[in-house]
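If you read the sequences in order, they're chains E, H, G and B.
Residue 26 is where the first sequence starts when you use the working numbering, and the numbers rise one by one after that.
Residue 6 is where the second sequence starts when you use the working numbering, and the numbers rise one by one after that.
Residue -9 is where the third sequence starts when you use the working numbering, and the numbers rise one by one after that.
Residue 27 is where the fourth sequence starts when you use the working numbering, and the numbers rise one by one after that.
A short write-up of the structure that comes next.
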Amino acid sequence: MSLAFLSPVAADDVAIARSPMERMAKAAGAEFEVRDGWNVAVRYAGETAERTVAWADVSHLRKWEVEGQGGEFGVARREGDAWVCPLTSDRALVIGGAEPSPTALDVTCNYAALTILGPQARETIARFCALDLRPQHAPPHSFRPGSIARQPGMLVVEAEDRFLLLFGWATAEYMWTVVADAATPLGGRPAGIETIETIEATEDTDA
Amino acid sequence: MSRLPPQPGERIDRQSVLRFTFDGKPVEAFEGDTIGSALFAAGRRTFSRSFKYHRRRGLLCCAGQCPNCIVAVDGAPGVRACVEPVKEGMRVEHLNAQPGLELDVMRATDLVGTRFTPPGFYYKTFIRPRRLWPLYEKVLRHAAGLGVLRKEQADREWRTEYRRRHADVLVVGGGIAGVAAAKQAAAQGADVVLVDEGQVEPVPGVEALGRATALGYFDGMVPVWQGDTLHQIRAPAHVFATGAIEQPLVFAGNDLPGVMLSGGALRLLERYAVSPGTRAVVVSTNDRGLEAAARLHDAGVTIAAVADLRASATEATRALQTRGIAVLQNHTIVAAEGGKQVTRATLGGVEGGNGAAVGGNRAAGAGGNGAGAAAGAEVSFECDLVVVSGGFAPATSLLSQAGARTAYDEARGHFVLADLPPNVFAAGEVAGHADPDAAARSGERAGRQAAGGSPEDAADQPIEQAPTAVPPPVAGQTHGKCFACLCEDVTAKDIKLSIDEGYDSIELSKRYTTVTMGPCQGRMCQLASIRLMAQETGQSLQTVGTTTARPPYISVPMGALAGRPFQPAKRSAIHDRHRELGANIKWAGDWRRAYDYGDPQQEALAVHEAAGLIDVSTLGKLLVRGSEAGEFLDRLYPNRFSDLKPGRIRYGVISSDAGRIVDDGTICRIDEDTYYVTTTSSGAGAVEEWFSWWLADWQMDVRLTDFTQGLAAVNLAGPKAREILGALTDLDCSAEAFKYLDAKHATVAGVPCLILRIGFVGEVGYEIHFAAAHGEHVWDALMQAGREHGIRPFGLEPQRILRLQKMHILVGQDTDSESTPFSAAMPWIVKLDKDADFIGRWALEHYAQEEPAARLVGFTLGDGYVPTEGAVIIDALGAPAGQVTSARFSPVLDRVIGMAWVPAPLARDGATVAISDQGRTVSAHIQTRPFYDPEGEVLRS
Amino acid sequence: MLDIFRHRRMWRRQRDLKPAYDVVIIGGGSHGLAAAYYLQKDHGIRSVAVLEKRYIGSGAAGRNTTILRSNYKTPEGARFYDASVKLYENLGKELNFNLLFSQCGHLTLAHTDRAMFVMANRAEVNRLQGIDSRVIYPEEIKRLAPAMQVENPHATYPIMGALYHPPGGIIRHDAVVWGLARGADRGGVEIHQDTEVQSMERSNGRVTKIHTNRGTISAGHVLNCTAGWSTLICDMVGVPLPITTHILQACVTEPVKPLLDVVIVSSQMHVYISQTDRGEFLMGAEIEPWTTYRMQGTLNFLQEVTRHTLELFPQLERARLLRSWAGLCDLSPDYSPILGQTEVENFHVSAGWGTYGFKAAPIVGKTLAELVATNRTPDLIAPFAVERFYEDKLVSELAAAAVSH
Amino acid sequence: MSFLLTCPNCGTREVTDFGFGGEISARPTARPSLRELGEYNYFRRNVAGVQREWWFHRSGCRAWFIAERDTVTNEVLLTELPRGPGSPESVA
């Protein structure tokens, strides 16, 4: 029997995959577009490049569990568009990009995800998470499994001032509430994935 | 009134006037004033009434250490007025005095009641008759308590935050030593945080948190309270430059308004340009007290007299003499007198040695140290200010929590640090370096070491020990009450009495008299009470020892500790649909779940008559893969899974090694090496941990992945279920092609799904599992396809009814921590003929032989009465012998059914048991086979 | 009344240890002192020494949250704790010491159907044994605790009902210790503080010698009443125990005027709250899950207990938390005590109390005294023998909605 | 927050990140008597001192590991992944 039921990939594109934070994003004024079978919050009304901190729902990022691929603990490797994050000595979580191997297990919907970015991102995360994210202790590409808002989670330092948070799909509404609550007093607001794409494109150019 | 012309270094902005109210009356203050300085400047001398005797209390420490100026601000009690900055429009109110601060009827407890209220008086009174105690207690309760809180408040109104901060070095205390330590550590390249209770100057390269108090030391984690924020600072090295706390003297009337610590008097003068008085008597054990006298003199305060408990003069003495002020050596204060505030102070001579104060007519505190009476005439001086300094006790609380030990230093007259744990450093006055230069150097050294530098730096000089103070005395009590503890109104005499009664260890005396247990946390009274204990018992102070320094270091609002109020909740991917359908949503473990959609009975009937759809995404879902996956499950379950054919499903119960039921669920074999295991909703996390624990130990070729949150699941059940599902999939859903306990992979409404045909609710049913991102899509498609067939969504409550009809046990509801598969009527699940060992085998072999005391069975009731779940099965004598675990009215059977634990001999069809339910006894008929479709014909059809 | 002017010593000053006593009790807490008290009072056994490592009441007796109740889940437990509360009711009079026992009522809140089931079951088991205990609903809860937010639409944990136990309440823990100590002392018992048992000798199945920091003694019977340290004492004579030691924490606020006259327990929120006669809000939570002998509290406790308390009493958000502390708990696998004889003939234990020990002090004292005096295990404590763990016949106070207080 | 533990996979975290699995005890290898089974199921050494014990990184990698901790000070002396059957800590 097939394990295809684990994957959020619908036959013939009849079904649109949805993030567990879709309604939160909608209520916050998100505009949606369907991308690769996912309904994605691409932008928010009045969004600007100037920001203290912003959070973007990136739950649509595909994730795979791969065996026999450990790596240096605490460090995520960048392979193409994907982050390869070592969970144990012989198991890694691959985030984003294309299916890494036919034996990889699709765990996309095990983890909802938020990108938190901006100069106040670290301060925002410090409101609900005890991980040490000081730049000298958690430079870009750091990978940190640990408690996020009292729930199991994982964190990837994608770049200076940009963090990818992963947490249980079922806790997403709670997590959005916590992040929005922490970020708002610091001038934060939600961002669409166009913002993330723009920043990533700039980084690629710089690199 | 008391405001002086501008003083050098004052912290007030005279251009900026703020207004606030005290007990409803307007008060003016300058920007930079504290509530305390503004009120004092406006002429207020009484700031509070004491806890027990309702005596007037005025400013004493002006440093937030003592209980004397505790007020309520905007309804929040416990605010230390002397350190709380004035804000425009704030509403300040006194505590603990009725009808007002100036006229307090409870003052009577002091004037007439004192002899009736020695320490622990309540233990000795109101014993008989016992029935009157509640009345007395009511009076006591209303007399106690300082602040008044609102009777009702619907929700939290104060937004408080947590902030985690990791640092290389945390420096607590922003005085000379602390700042030096922070600078030095930063210079070494360390990431440094500096915190101080007061204002703190910016230090380059250091995060400096002002008006921030370190509350405790928790294995390297220091919570720091700063306004609305609780910083949680985790650092591998700490420097404590927490300074020293000036100690009061114990003498008669030592609590009168106008008696002030030298530091407090100077703070009023220097920071806020407020004159603490016009005519002062100064009594000190040390130079700092004398220096304060000179400063007050220079600021225009008349110095009526200065008493120094020490025998010989120092530089500070001479500095006073050059101002024309005589210093009485070997003198102390015997009493302060006055009504609303101090008006007179009486000085007397001191006997050397242990420094007991002596008056003309008594021997004070005759203890083991041989203090005796000596000549020394008492002299009285009129004054409105008594400035006292009983020496400076190192503020070692946080260091003690960090594991430092203290020892009593006879020469200095207080406890000093004796031993520091690794990576904990002390600097400045807390480490005995009071001299500014020595303090700075000790700070530099500590900062360097904390940052990983060497203590043997070439530039490092041995640090001089600061000059010492003589031990301050403890006075007797002929002139009136000598308070050892201001928070709790405990006098020196009270402590002496407690010792006489046998409470002769410091901890026992503390608990009996409540000394050190008040808001000052012992900062003002611990040393004095230890001295009294030593004096009375003839022990050394070292032997008496200190009481434990308990967090928080200062009292802290609960809201600041609590942070934001959010509680994690799990929600299914279909949750919003349930909301939209008006579901009644409740907690189920840590999930939010739909209990029903308004009519549980009709929802249950719909499953029998047409079709029902329930969201079961909360089920635990584990993927178990690997060449040894089958053997692994064989070891974990009492029944077999290695012989399960791919595409088939089997029910399993997990038991512990004690043979007790842990959880249950279905296991589906997907292929040779892959199993899909479901667990109960509440047990999902525990089962995953259980599996991975044994796997960690057995190290088999098995990999576990938890898909509990990643997969949505719905159960479609009812006579129309086959038709509804068939409309959405190419799969042959016929009874022949898709049998009971078959598992199929298929596309449903375009979404790849795993479909399990199981008997979840007793009708033909399909449990459909698929990626959570498609939750709403699949739900909607099934509801749409089912509409013409009369499909209804159903919640947990109708599911309870349906499952009960089939006598499916609900682990945790029908079973408890002592249930075994045998007592819970599932002997068939245990395969003792398995060759290999499995978890629970040995216990289950035992339970297979032994008749349990009680068994789980079904029951029916005739008269429509539904017993409360939890009602008790009683034996012939009326004693508890079991319990009802489930009971419902079954609409399809039109009768009441249930499950219960009953005595084993009664666990047979046709037996009758008595149920006791809130005073009512009803009789129930036992049934051991399912109430609905006992042969499973419907299920398999 | 006159007694308050008479400053008699409560107990005699410590003298040298005698070489032998009829009974040596290890642990000067509420259980040890109660056993000493009843040995002399009920059985006239006066050759008794209580050995206390620090000062009397320095362990769990002086650190608990002073809650008394008897509404237990098992018939065995309910019967036993009920006997304890009944003794407590008259203990103050008997000791001529006001123990400040207020039977103000005890409410265990239920926030789920599952919890309501457990409450209903306890209420019925209790009722059948004559214990006043019943399930009540929000209206009545509001009447009993008007300051609590009973019907808060924003509540994370809505209050569906409560188990109400009117005779439950709070008592002054230190007073219990001191009153019992005085009573025992006046009956001839010797209380030796600062006396630490360092090792024991065992031969022919009996404890023969007890080595302390103040000398070696022998005893006809030895009682181990050391709660969190009970394993270590049992180790000295080779008696294994099914016990793990954990910390339990509590805290108080600065005193405020009365707002709450009953004891509130929420098992789902892991918090229990009462307001003392002094006006302090006294709060506790669950034990820490990891074992430890280190009596140091955690920040996590302070954060959780305040957050949960504020859900029930938001008006406490600016009330100031004054002091917190930790004590040791000796947890048994079934949350019922381990009481009575061991495989060592003259060595008896009172252990496995978890968070319930203080509630049982008088009945433990009375039954252990009877055991020692008569060499017969009283019926009330027979179900609690350590043997049950060898025979796997537990007396489980565990429930899905387990409650500590 | 209290003491720290170092997960062999994820690094150092607050103890609240972890689940406690209790002291390591050996599961009987041959059929035990009822009394021996009771000893295994219920009795604990509960040492005051260094204890080898199980921990689970509940908030992180969700792996079990072994720690040596002094129960008197809570000092964690070492953490390591289990080494499987035949190793001293194996309960199998």
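All C-beta atoms, glycine included, are put in the ideal place defined by N, C-alpha and C.
Given the structure is predicted, the values throughout are model-derived calculations rather than measurements.
>> Counting beta carbon pairs with one atom in the segment 75 to 92 of chain G and one in the segment 893 to 912 of chain H, are three or more of them shorter than 8 Å?
In response: no
>> If distances are taken between C-alpha atoms only, which option among 867/H, 424/H, 906/H, 843/H comes closest to residue 874/H?
In response: Taking the second sequence and counting its residues from 1, one reaches residue 874/H at position 869. For the residues 867/H, 424/H, 906/H, 843/H, the minimum Cα distance to residue 874/H belongs to 906/H.
>> Need the endpoints of the beta strand (DSSP E) that residue 321/G sits in, please.
In response: Taking the third sequence and counting its residues from 1, the one referred to as residue 321/G is at position 331. From DSSP, the beta strand (DSSP E) with residue 321/G extends over 310 to 321.
>> Strictly under 8 Å for the Cβ-Cβ distance: is residue 98/B near chain G by that measure?
In response: For the purposes of this step, residue 98/B is identified with residue 72 of the fourth sequence, where counting begins at 1. Yes, contact with chain G.
>> My output table needs one value for residue 591/H: the three-state DSSP class, helix, strand or coil.
In response: Here residue 591/H refers to the residue found at position 586 when the second sequence is read from its first residue. Of the three classes helix, strand and coil, the one that applies to residue 591/H here is strand, per DSSP.
>> Between 41/E, 155/E, 227/E, which has its C-alpha nearest residue 171/E's C-alpha?
In response: Looking up residue 171/E in the first sequence gives position 146. For residue 171/E, the nearest C-alpha among the options comes from 155/E.
> Helix, strand or coil: how does DSSP classify residue 459/H here?
Replying inline: Counting from 1 along the second sequence, the entry for residue 459/H is found at position 454. Of the three classes helix, strand and coil, the one that applies to residue 459/H here is coil, per DSSP.
> Is it a yes or a no for the segment 124 to 134 of chain E touching the segment 55 to 62 of chain E, going by three-plus beta-carbon pairs under 8 Å?
Replying inline: no
>> For residue 750/H and residue 733/H, I'd like the C-alpha separation in whole angstroms.
In response: Position 745 of the second sequence, counting from 1, holds the residue named residue 750/H. Position 728 of the second sequence, counting from 1, holds the residue named residue 733/H. Their backbone Cα atoms lie some 13 Å apart in a straight line.
> Residue range of the beta strand (DSSP E) that residue 242/H falls in?
Replying inline: Here residue 242/H refers to the residue found at position 237 of the second sequence. Here the beta strand (DSSP E) through residue 242/H covers 242 to 245.
>> So, at 8 Å on beta carbons, what are the nonlocal neighbours of residue 30/B in its own chain, with the 5 sequence-adjacent residues on each side left out?
In response: Indexing the fourth sequence from 1 puts residue 30/B at position 4. Taken in chain order, the residues that qualify are 38, 39, 40, 41, 102.
> Is the CB-CB distance between residue 253/G and residue 159/G below 8 Å?
Replying inline: Along the third sequence, one-based indexing puts residue 253/G at 263. Along the third sequence, one-based indexing puts residue 159/G at 169. Their beta carbons are under 8 Å apart, which means residue 253/G touches residue 159/G by this criterion.
>> Suppose you measure from the CA of residue 152/E to the CA of residue 169/H; what does that come to, to the nearest Å?
In response: Taking the first residue of the first sequence as 1, we reach residue 152/E at position 127. Taking the first residue of the second sequence as 1, we reach residue 169/H at position 164. Each residue's alpha carbon lies about 7 Å from the other.
>> Strictly below 7 Å CB to CB, what residues from chain C border residue 79/G?
In response: Among the protein chains of the structure shown, namely E, H, G and B, there is no chain C.
> Hey, residue 391/H and residue 337/H are a contact pair by Cβ (cut 8 Å); roughly how many whole angstroms apart?
Replying inline: Within the second sequence, numbered from 1, the residue matching residue 391/H stands at position 386. Within the second sequence, numbered from 1, the residue matching residue 337/H stands at position 332. The pair is not a contact, with the Cβ atoms about 12 Å apart (cut-off 8 Å).
> What alpha helix (DSSP H) runs, 4 residues minimum, are completely inside the segment 248 to 277 of chain H?
Replying inline: 267 to 277
> Is there at least one Cβ from chain B nearer than 8 Å to residue 397/G's Cβ?
Replying inline: No statement about residue 397/G is possible, as the shown extent of chain G runs from -9 to 395 and does not include it.
>> For residue 723/H and residue 203/E, what's the separation of their Cα atoms in angstroms?
In response: Sequence index remark: in the second sequence, residue 723/H carries index 718 (1-based). Sequence index remark: in the first sequence, residue 203/E carries index 178 (1-based). In a straight line, the C-alpha of residue 723/H is about 41 Å away from that of residue 203/E.
>> Is the beta carbon of residue 314/G closer than 8 Å to that of residue 217/G?
In response: Translated into positions along the third sequence, residue 217/G becomes position 227. Translated into positions along the third sequence, residue 314/G becomes position 324. Contact: no.
>> Quick check on the DSSP output: what are the complete alpha helix (DSSP H) runs of length 4 or more inside the segment 194 to 259 of chain G, in order along the chain?
In response: 220 to 226
>> Residues of chain H with CB closer than 7 Å to the CB of residue 67/B, please, in chain order.
In response: Locating residue 67/B in the fourth sequence gives position 41, counting from the first residue. Residues of chain H passing the Cβ test: 662, 663.
> Which whole runs of the beta strand (DSSP E) in the segment 526 to 603 of chain H are 3 residues long or more, in chain order?
Replying inline: 589 to 593, 596 to 601
> What residue range is occupied by the uninterrupted alpha helix (DSSP H) comprising residue 162/E?
Replying inline: For the purposes of this step, residue 162/E is taken as the residue at position 137 of the first sequence. Careful: residue 162/E lies outside any alpha helix (DSSP H) and carries neither H nor E.
> Using the beta-carbon count (16 or more within 10 Å), is residue 203/G buried or exposed?
Replying inline: Locating residue 203/G in the third sequence gives position 213, where the first residue counts as 1. Counting Cβ neighbours within 10 Å, residue 203/G comes out exposed, since fewer than 16 surround it.
> Once you ignore the five residues that flank residue 201/G on each side, which residues in its own chain have a CB closer than 6 Å to its CB?
Replying inline: Counting from one through the third sequence, the residue named residue 201/G turns up at place 211. Cβ within range, chain order: 188, 189.
>> Strictly under 8 Å for the Cβ-Cβ distance: is residue 371/H near chain G by that measure?
In response: By 1-based counting over the second sequence, the position of residue 371/H is 366. Residue placement at residue 371/H is poorly supported in this model, since its pLDDT is 32, which falls under 50; the coordinates still yield a value, given next. So, not an interface residue.
>> Report the CB separation of residue 307/G from residue 562/H in whole angstroms; it is logged as a contact under 8 Å.
In response: Your numbering for residue 307/G matches position 317 in the third sequence. Your numbering for residue 562/H matches position 557 in the second sequence. Rounded, the Cβ-Cβ distance is 7 Å, consistent with contact.
> To the nearest angstrom, how far is it from the Cα of residue 738/H to the Cα of residue 193/E?
Replying inline: Position 733 of the second sequence holds residue 738/H. Position 168 of the first sequence holds residue 193/E. When rounded, the distance between both Cα atoms is 34 Å.
>> If I follow the unbroken alpha helix (DSSP H) through residue 357/G, where does it start and stop?
In response: Position 367 of the third sequence, counting from 1, holds the residue named residue 357/G. First-last of the alpha helix (DSSP H) with residue 357/G: 351 to 364.
>> Counting only Cβ-Cβ distances shorter than 8 Å, please list the residues of the segment 798 to 821 of chain H near chain G, keeping chain order.
In response: 817, 818, 821
> Expressed to the nearest angstrom, what Euclidean distance is found between the alpha-carbon atoms of residue 886/H and residue 877/H?
Replying inline: The sequence position of residue 886/H within the second sequence is 881, counting from 1. The sequence position of residue 877/H within the second sequence is 872, counting from 1. Each residue's Cα considered, the two are about 7 Å apart.
> So which residues on chain H does residue 90/B lean against when the C-beta distance must stay under 7 Å?
Replying inline: Counting from one through the fourth sequence, the residue named residue 90/B turns up at place 64. Per Cβ cutoff of 7 Å: 697, 698, 701.
>> Residues of chain H with CB closer than 8 Å to the CB of residue 82/B, please, in chain order.
In response: Counting from one through the fourth sequence, the residue named residue 82/B turns up at place 56. Simply 694, 697, 698.
>> For chain B, check one thing: does any of its Cβ atoms lie closer than 8 Å to the Cβ of residue 596/H?
In response: To locate residue 596/H, count along the second sequence from 1; it is residue 591. No, because no Cβ of chain B sits closer than 8 Å to the Cβ of residue 596/H.
>> Quick test of the definition: if touching needs 3 or more C-beta pairs under 8 Å, does the segment 110 to 117 of chain G touch the segment 56 to 72 of chain G?
In response: yes
> What residues match up with residue 25/H in a beta bridge as DSSP calls it?
Replying inline: Position 20 of the second sequence holds residue 25/H. DSSP, once it has assigned bridges, lists 32/H as partnering residue 25/H.
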